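Chemist: Read in order, the letters of the sequence shown correspond to residues 806 to 901 in our numbering.
Heads up, the beta-carbon is just placed ideally off N, CA and C, and yes, glycines get one too.
Remember, it's a predicted structure, so these values are computed and weren't measured experimentally.
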Amino acid sequence: MISSAEEALLETEKCMYCGFCEPVCPTLPYGPHRGYGPRGRIQLIKILITGQEPSPETISSLYTCTLCAACIEKCPAKINIPRLVVYARSIIAGQN
Ligand code: SF4
Ligand code: SF4
806 MISSAEEALL ETEKCMYCGF CEPVCPTLPY GPHRGYGPRG RIQLIKILIT GQEPSPETIS
866 SLYTCTLCAA CIEKCPAKIN IPRLVVYARS IIAGQN
């Protein structure tokens, strides 16, 4: 479980934009853009952590993640994206 914004930010900064995670994401083909895949979600989470108000699009992206964890297997940095998404949802819900 991620317990602080600093911890979450450090995790997001491990992303090297390689895109290896995208082909395995079940939601990406159904979204209008890459914000509905793991790489895009990381970028949205980064913005959210800086205190920016989430747009309806950001909320939609983060709540359509199934938390399936398929992306972790493909990520060279082993970023735990579901854990980040859960943290981001707690920000949106006002718990962090
Ligand atoms: S955990 Fe979320 S971002 Fe990762 S592959 Fe599953 S649906 Fe996509
Ligand atoms: S596989 Fe990992 S490092 Fe590469 S884009 Fe996806 S989240 Fe970022």
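Mapping DSSP to helix, strand and coil, what is S809?
Modeler: The answer is coil: DSSP assigns S809 none of H, G, I, E or B.
Chemist: Just the C-alpha distance for I884 and Q900, rounded to the nearest angstrom, thanks.
Modeler: Answer to the nearest angstrom: the Cα atoms are 23 Å apart.
Chemist: Report the three-state DSSP secondary structure of E858 (helix, strand or coil).
Modeler: Reduced to three states, the DSSP call for E858 is coil.
Chemist: Select from L814, R894 and A898 the residue whose C-alpha is nearest the C-alpha of K851.
Modeler: Nearest C-alpha to K851: L814.
Chemist: Mind checking whether the beta-carbon of M961 lies closer than 7 Å to any heavy atom of ligand 2?
Modeler: The question about residue 961 has no answer here: the residues shown for the chain are numbered 806 through 901.
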